[in-house]
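*Asks:* In our numbering, the protein residues as written are 9 to 45. The C-beta atom is built at its ideal place from N, Cα and C for all residues, glycine as well. Quick caveat, the model's predicted, so the values are computed rather than measured.
1) Look up residue 10 in the DSSP assignment and say whether it is helix, strand or coil.
2) Under a three-way DSSP split, which group does residue 23 fall into?
3) Would you please state the rounded distance, in angstroms, between the beta carbons of residue 10 and residue 25? I believe it to be under 8 Å.
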């Protein structure tokens, strides 16, 4: 993982991801919510 965090769903911007220069990106859309925000 490129983001080291103890949070279950950390909030990061695309700049942080681009700076880490990952080899592979997995992009998904979550259409359901198990827990309220």
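*Replies:* Reading it off the structure:
1) Looking at residue 10 - three-state DSSP - the assignment turns out to be coil, as it is neither helix nor strand.
2) Looking at residue 23 - three-state DSSP - the assignment turns out to be helix.
3) The beta carbons of residue 10 and residue 25 sit about 6 Å from each other, so the pair counts as a contact at 8 Å.
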